[in-house]
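Undergrad:
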Amino acid sequence: MILITGSNGFLGSRIVELCENRELSLLDRGEENKHKAHRFQRAEINRHDDYSLALSGCSTVIHCAARVHSMKDKACDSLKEYRDVNTKGTINLAKQAIKAGVKRFIFISSIKVNGGKTKHNHPFRMDDDHDPVDNYGLSKSEAELELRLLAKRSEMDIVIIRPTLIYGPGVKANFASLMNLVSKGVPLPFGCITGNSRSLVSLDNLVDLIITCVDSEKAANQVFLVSDDHDISTSRMVREMARALGKSERQLPLPVWCYILIGKLFNRTDIIDRLTGSLQVDIKHTKDTLGWTPPQTLQEGFAKAAKALLHTKKVVRNDSLY
């Protein structure tokens with residue numbers, strides 16, 4: 159049996175869908191179980207909660223639940239809140255998993271453990287030092303280090319997966335906002351941002367890797383970086399979104415130096431770095447160790463995300479008629 163935490167979430171729900179033929183135990187903070195065919199425990203991920211019901215009979219844990227990164231977080235409060243869930247909550251779950259006889263604990267971490275940006279064509283690798291630049295990344299880094307110590311003192315394997323930005327049907331945050339603007343035909347000033355490279359990963363590619371890690375003996379006690387294995391610039395991202403949505407590409411050629419100046423004037427260089435900078439990962443270790451390649455191309459992933467967005471817009475329009 160496999161325990162999936164965050165089973166009602168963006169990632170967890172898709173794992174459940176693609177593992178429907180397996181025996182699953184689900185854990186989520188929400189009161190409603192979206193997947194009625196499987197055992198469910200409502201619980202928070204923290205240092206106190208008891209997960210014995212969810213863990214009973216499980217041989218594998220896929221730990222997706224987390225406090226996710228938010229631009230609205232205040233630095234003075236967020237580190238403790240991130241640690242309470244992503245570090246202490248994760249370790250509480252892992253210790254209980256060991257006591258319950260779980261054989262493999264798959265931790266969905268983040269590329270933020272390695273840092274917030276890379277030099278162009280100098281991607282992060284799985285054995286690079288941890289260098290988190292925000293509280294979210296720090297909390298994930300601390301969890302990884304403690305999980306490795308637990309693995310050395312127990313019979314439970316630890317598998318760590320560090321995704322880049324995840325996109326797909328139901329995605330929210332910046333990717334969804336950008337795709338929504340493209341769908342409306344809003345001219346975007348990204349025409350000159352062609353010299354950067356970003357690694358992305360589609361939801362289905364990530365889930366495929368996770369399932370591979372459930373089944374493969376070679377995954378034991380490994381760290382895997384994951385992406386679509388096809389890096390793109392910000393301008394190219396908008397172009398691919400427009401193509402997937404069946405829209406004309408509308409980009410304005412605002413020079414990159416203008417972004418840099420704006421970032422300095424308004425003290426928002428972090429946002430400008432995400433627009434104009436690079437964040438790449440090398441997934442050679444992942445592919446070689448597991449014999450795995452991303453089954454979905456970037457174009458296929460964008461098309462699936464676009465189809466879901468257009469369907470949502472259609473449903474909203476139809477609902478407004480009543």
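All the letters of the sequence shown, read from the start, carry residue numbers 159 to 480 under the numbering used here.
Idealized CB from N, CA, C, for every residue including glycine.
1) Pick from Lys192, Leu251, Ser393: whose alpha carbon is nearest that of Glu202?
2) Report all residues from its chain with a CB closer than 8 Å to the CB of Gln409; omit the five preceding and five following residues, and keep chain order.
3) Can you tell me where the beta strand (DSSP E) with Phe333 in it begins and where it stops?
4) What's the C-alpha gap between Ile162 and Gln457?
5) Here's a check: name, in chain order, each residue in its chain whose Cβ is nearer than 6 Å to the Cβ of Leu437, leaving out the five neighbours to either side.
6) Got a sec, what are the start and stop residues for the alpha helix (DSSP H) Ser199 sits in?
7) Decide if Thr451 is buried, meaning its Cβ has at least 16 other Cβ atoms within 10 Å, or exposed.
8) Answer with buried or exposed for Pro281, where buried requires no fewer than 16 other C-beta atoms within 10 angstroms of its C-beta.
9) For Pro347, decide whether its Cβ has a neighbour in chain B, counting only Cβ atoms nearer than 8 Å.
10) Taking 8 Å as the cut-off, does the segment 320-335 touch the segment 374-388 (at least 3 CB pairs, one atom from each stretch)?
11) Tell me which same chain residues have a C-beta within less than 8 Å of the C-beta of Ala403, skipping the five on either side of it?
12) What residue range does the alpha helix (DSSP H) around Tyr417 cover?
13) Quick check: what's the CA-CA separation for Glu407 versus Met399?
14) Taking Cβ to Cβ, would you say Met260 is nearer than 8 Å to Thr218?
15) Quick check on Phe460: does DSSP put it in helix, strand or coil?
16) Relative to the C-alpha of Ser374, which candidate in Arg306, Ile420, Lys194, Ile264 has its C-alpha closest?
17) Give me the Cα-Cα distance between Val381 and His196, rounded to the nearest whole angstrom.
18) Hey, could you find the ends of the beta strand (DSSP E) Asp446 is sitting in?
19) For Leu403, which three-state DSSP category applies?
20) DSSP puts Arg262 in a beta bridge; with which residues?
21) Candidates Asp208, Asp242, Asp207, Arg283: which alpha carbon is nearest Ala224's?
22) Would you kindly report the start and end of the unbroken beta strand (DSSP E) that includes Phe151?
23) Mapping the DSSP letters down to three states, classify Ser268 as helix, strand or coil.
24) Near Val474, which residues of its chain fall below 8 Å by C-beta distance, leaving aside the five closest residues on each side in sequence?
25) Can you find the residues in the same chain that come closer than 6 Å, C-beta to C-beta, to Ala212, ignoring five residues on each side of it along the sequence?
26) Check the C-beta distance from His278 over to Asn354 and give it rounded, since I have them as a contact under 8 Å.
TA: Put simply:
1) As a first step, residue 202 is located in the sequence shown; it is residue number 44 there, counting from the start. Taking only the C-alpha atoms, the option nearest Glu202 is Leu251.
2) As a position in the sequence shown, residue 409 is number 251, starting the count at 1. The residues Pro345, Leu346, Pro347, Phe348, Gly349, Ser393, Val396, Arg397, in chain order, have a CB closer than 8 Å to that of Gln409 in the same chain once the five nearest residues on each side in sequence are set aside.
3) Walking along the sequence shown from the start, residue 333 turns up at place 175. No beta strand (DSSP E) holds Phe333; the alpha helix (DSSP H) holding it covers 331-341.
4) Walking along the sequence shown from the start, residue 162 turns up at place 4. Walking along the sequence shown from the start, residue 457 turns up at place 299. Cα-Cα distance, rounded: 29 Å.
5) Residue 437 sits at position 279 when you count from the first residue of the sequence shown. Contacts found: Lys275, Thr276, Arg356.
6) Position 41 of the sequence shown, counting from 1, holds the residue named residue 199. Per the sequence presented here, residue 199 reads as Gln, with Ser not at that position. If you look at Gln199, you'll find it isn't in any alpha helix (DSSP H); it sits in the beta strand (DSSP E) that goes 197-200.
7) Along the sequence shown, read from residue 1 onward, the residue named residue 451 stands at position 293. By the beta-carbon neighbour count (other beta carbons within 10 angstroms, threshold 16), Thr451 is exposed.
8) Indexing the sequence shown from 1 puts residue 281 at position 123. Label assigned to Pro281: buried.
9) Protein chain content of the structure displayed is limited to a single chain, and chain B is not contained in it.
10) Three or more Cβ pairs drawn from the segment 374-388 and the segment 320-335 lie within less than 8 Å of each other, which places the two stretches in contact.
11) As a working mapping, residue 403 is identified with position 245 in the sequence shown. Reading off the sequence shown, one finds Leu at residue 403, where the question assumed Ala. Once the five neighbours on either side are set aside, the close Cβ partners of Leu403 are Met337, Val340, Ser341, Ala464, Leu467, Leu468.
12) Here the question's residue 417 lines up with position 259 in the sequence shown. Its alpha helix (DSSP H) spans residues 414-423.
13) In the sequence shown, the residue the question calls residue 407 occupies position 249. In the sequence shown, the residue the question calls residue 399 occupies position 241. Computed Cα separation, rounded: 9 Å.
14) By 1-based counting over the sequence shown, the position of residue 260 is 102. By 1-based counting over the sequence shown, the position of residue 218 is 60. In the sequence as presented, Met is not what sits at residue 260; that position holds Val. Yes, Cβ-Cβ distance for Val260 and Thr218 is below 8 Å.
15) Residue mapping note: residue 460 aligns to position 302 of the sequence shown, counting from 1. Residue state, collapsed to three classes: helix.
16) Within the sequence shown, the letter at position 216 stands for residue 374. Nearest C-alpha to Ser374: Ile264.
17) Position 223 of the sequence shown, counting from 1, holds the residue named residue 381. Position 38 of the sequence shown, counting from 1, holds the residue named residue 196. If you take the alpha carbons of Val381 and His196, they lie about 29 Å apart.
18) Within the sequence shown, the letter at position 288 stands for residue 446. Counting along the chain, Asp446 falls outside any beta strand (DSSP E), though it belongs to the alpha helix (DSSP H) covering 442-448.
19) One-based indexing of the sequence shown puts residue 403 at position 245. Residue state for Leu403 is assigned as helix, using DSSP reduced to three classes.
20) Looking up residue 262 in the sequence shown gives position 104. Answer by DSSP bridge pairing, in chain order: Thr218, Asp315.
21) Position 66 of the sequence shown, counting from 1, holds the residue named residue 224. Closest by C-alpha distance to Ala224, out of Asp208, Asp242, Asp207, Arg283, is Asp242.
22) Only positions 159 to 480 of the chain appear in this structure, which leaves residue 151 out of reach.
23) Here residue 268 corresponds to residue number 110 of the sequence shown, with the count starting at 1. In the structure shown, the three-state DSSP call for Ser268 is coil.
24) Position 316 of the sequence shown, counted from the first residue, corresponds to residue 474. Caution is warranted here: a pLDDT of 41 is assigned to Val474, below 50, making its placement in the model unreliable, and no coordinate value can be reported.
25) To locate residue 212, count along the sequence shown from 1; it is residue 54. Answer for Ala212: Leu161, Ser183, Leu185, Gln199, listed in chain order.
26) Numbered from 1 along the sequence shown, position 120 holds the residue referred to as residue 278. Numbered from 1 along the sequence shown, position 196 holds the residue referred to as residue 354. The pair is a contact, with the Cβ atoms about 7 Å apart (cut-off 8 Å).
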